[in-house]
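Below is one structure, written out as structure tokens; comments come after it.
Residue numbers (the UniProt record's numbering), protein chains in the order written: chain A, 1 to 362; chain B, 1 to 362.
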């Protein structure tokens, strides 16, 4: 079964396909998008051994001379030094403007390979083949690429759309439960903003097994929601900020937790805490945070963390890259299915949070 | 006297203004484009002492809190390490998405600062204030940004349009003659493709004094020509390749000369040699290269160089980033004012050049 979703940002429209076991015949799907060319598959040490050699062999046999470039797994690969290594390797292989890159892996591979593709020769074609649930529902669609700076995550990057995104839900079956759950955090973020059928679908996800069974529909619904937002606002001037629901608090708690929390877990905490706060402010209907909490906890996602309310948490909030002239834009729910913007000065937000969140001295 | 030229690429339209002594009141011109915000002026050790402190003081007084970031002068600043330093400094100063960067300097500053602006927080606003003739007529307009790799110049970068370009021809008066002449190489490239009034104007440029006197018109004509091309084709898929007239041979001889030739000098050699070769092929009218030679030599620009035809020259040709699947796209003149494309396999071009150019073993 193939589901096709069109993403149509002004700069570069493209298609996302969700194909169960699509990775087994990658060359078939690539050949519908790309003319014959050299390809470099960028992958990491975890995903590479599972899928890259077979993909490389199939693509080469199909007339696409293909090489594999493997980077170390983990967030530390989103660095200047790794970016430089990747780009130097592309140059050493004389990859030309009409060739292409396939990003095969999770969010780190997608972000780094997408960034490298966007700047090598001022941009060569890239196709995203995300292999984690988080990358499938979030980072592979929308064209955000990035590396980290010592002072913060994703502080350097580009908006650069792929030519195509191939999502194979079959690869999820080998993922550890914690990685599945973190992807589900982003799915719930989309579901609560989309409301109706999508939100109702998540009521039935009470286990990892249920999540895996419903994965094609959940991915499709999440990508469709994201596609509509990205089509309306590619570079996050307004509408796209909706996708930051839960992310302001989430990002800050993720930084304060110093690696202990996965991104999707931090988003889950941000989602829940912000919803709870807006409920207290009577801007979000009573009971919304309870409904959300049930769905998050069904997959073992956290609602709080000791890092919440620490000095490191508040420091991270102050350096959020989404801050615009000391104004913070939060997203809240008028009701499920109806997200809205809430702007306030950073100082006011700090006071509010300090009053409402558990306070910790370290 | 102010001349205004509109550049309208799909991604981001903007204005180029040519204002004699415009740099003296930079804040006035900036305030017509940018709302109040933090500004970082990126400049180099040569240009900074002449203009940056005054500009910084004026901008700060006008309500734009401004800082100056000075990089070493010279091509070696177009490196990963310098890019990383610049971006880290922007992060350390907490420059936000709604702040801005002014690139104040020659081509190196413009390329590096433009690149940094395009990737910091996935892109913040940039204004180009070019201070060399080459940057004024060429690199500041069109949105190409870049750094170099060990394997070649400008191999990494972005297409990223500025919000505004301010060109002050008064700053040219302090430039050494050789730097003026190299800018004139790019002007002649545009003039011979534009033909008519622009080409006729260059007949009167027989000295640096004449060049300085006619600078506002020459810059305006060059920028107008370039603006039309960039508006039609921002990312160099077709039409914009016209701007590469003379550049294929020029780039190769520049690399083979290993720093001895300035970019504009190498372009002059490429322009002349290619025109001579197409004349021999009877695709360009007889006498065109002689007319061109007179104009180039009037300002002391070279027509040939010992690096032409060396093994290093041919090696550089083979690794030209404009190569597409081993096809080379050359530009020639059907007649003055009428450029056209000439595609041929790289191997054929090599044979042709080896037959027609002086051959040297080292």
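Virtual Cβ for every residue (Gly too), placed ideally from N, Cα, C.
Which whole-angstrom value describes the C-beta separation of residue i and residue j, a residue pair presumed to lie in contact below a C-beta threshold of 8 Å?
| i | j | result |
| --- | --- | --- |
| residue 333 (chain B) | residue 192 (chain B) | 6 Å |
| residue 161 (chain A) | residue 12 (chain A) | 4 Å |
| residue 130 (chain B) | residue 100 (chain B) | Not confirmed; about 17 Å, so no contact. |
| residue 328 (chain A) | residue 344 (chain A) | 6 Å |
| residue 346 (chain A) | residue 323 (chain A) | 6 Å |
| residue 14 (chain A) | residue 39 (chain A) | Contact flag wrong, Cβ pair sits at about 17 Å. |
| residue 87 (chain A) | residue 116 (chain A) | 6 Å |
| residue 298 (chain A) | residue 206 (chain A) | 5 Å |
| residue 271 (chain A) | residue 287 (chain A) | Actually they are not in contact, since the Cβ atoms of residue 271 (chain A) and residue 287 (chain A) sit about 15 Å apart, beyond 8 Å. |
| residue 273 (chain B) | residue 357 (chain B) | 7 Å |
Is residue j closer than 7 Å to residue i when the C-beta atoms are compared?
| i | j | result |
| --- | --- | --- |
| residue 80 (chain B) | residue 84 (chain A) | yes |
| residue 57 (chain B) | residue 43 (chain B) | no |
| residue 163 (chain B) | residue 125 (chain B) | yes |
| residue 145 (chain A) | residue 123 (chain A) | no |
| residue 121 (chain A) | residue 22 (chain A) | no |
| residue 90 (chain B) | residue 41 (chain B) | no |
| residue 181 (chain B) | residue 300 (chain B) | yes |
| residue 19 (chain A) | residue 4 (chain A) | no |
| residue 222 (chain A) | residue 190 (chain A) | yes |
| residue 50 (chain B) | residue 77 (chain B) | no |
| residue 242 (chain A) | residue 229 (chain A) | yes |
| residue 196 (chain A) | residue 337 (chain A) | yes |
| residue 110 (chain A) | residue 128 (chain A) | yes |
| residue 7 (chain A) | residue 194 (chain A) | no |
| residue 26 (chain B) | residue 55 (chain B) | yes |
| residue 253 (chain B) | residue 305 (chain B) | yes |
| residue 75 (chain A) | residue 108 (chain A) | yes |
| residue 208 (chain A) | residue 177 (chain A) | yes |
| residue 9 (chain B) | residue 231 (chain B) | yes |
Since residue i sits in a beta bridge, which residues does DSSP pair it with?
| i | result |
| --- | --- |
| residue 70 (chain B) | B:43 |
| residue 129 (chain B) | B:104 |
| residue 324 (chain A) | A:327 |
| residue 333 (chain B) | B:339 |
| residue 57 (chain B) | DSSP, once it has assigned bridges, lists no residue as partnering residue 57 (chain B). |
| residue 152 (chain B) | B:149 |
| residue 159 (chain A) | A:144 |
Could you give the DSSP three-state label for residue i: helix, strand or coil?
| i | result |
| --- | --- |
| residue 341 (chain B) | strand |
| residue 286 (chain B) | coil |
| residue 388 (chain B) | In the structure displayed, chain B extends from 1 to 362; residue 388 (chain B) sits before or after that span and is not available. |
| residue 262 (chain B) | coil |
| residue 3 (chain B) | strand |
| residue 192 (chain B) | helix |
| residue 16 (chain A) | strand |
| residue 144 (chain A) | strand |
| residue 219 (chain A) | helix |
| residue 120 (chain A) | strand |
| residue 167 (chain B) | strand |
| residue 49 (chain B) | helix |
| residue 33 (chain B) | coil |
| residue 232 (chain A) | helix |
| residue 8 (chain A) | coil |
| residue 224 (chain B) | helix |
| residue 99 (chain A) | coil |
| residue 352 (chain A) | helix |
| residue 185 (chain B) | helix |
| residue 311 (chain A) | helix |
| residue 204 (chain A) | coil |
| residue 94 (chain A) | coil |
| residue 305 (chain A) | coil |
| residue 250 (chain A) | helix |
Can residue i be considered in contact with the ligand SAM, in the sense that its beta carbon sits closer than 6 Å to one or more heavy atoms?
| i | result |
| --- | --- |
| residue 206 (chain A) | What this structure holds is no ligand at all, so the ligand SAM is not there to describe. |
Practice task
May I ask you to verify whether the segment 180-190 of chain B touches the segment 258-273 of chain B, counting CB pairs closer than 8 Å and requiring at least 3?
Solution key: yes
Handout entry: Stretch pair the segment 70-78 of chain B + the segment 89-97 of chain B: three plus CB contacts closer than 8 Å
Key = No, the segment 70-78 of chain B does not touch the segment 89-97 of chain B.
Exercise for the section: Could you tell me whether the segment 273-282 of chain A touches the segment 198-209 of chain A, where touching means 3 or more Cβ pairs closer than 8 Å? Expected result: no
Practice task
Would you be able to state if there are at least three C-beta pairs under 8 Å between the segment 202-218 of chain A and the segment 231-251 of chain A?
Solution key: no
Handout entry: Contact between the segment 309-326 of chain B and the segment 132-150 of chain B (3+ Cβ pairs under 8 Å)
Key = no
Practice task
Taking 8 Å as the threshold, find out whether the segment 313-321 of chain B comes into contact with the segment 145-155 of chain B through three or more Cβ pairs.
Solution key: yes
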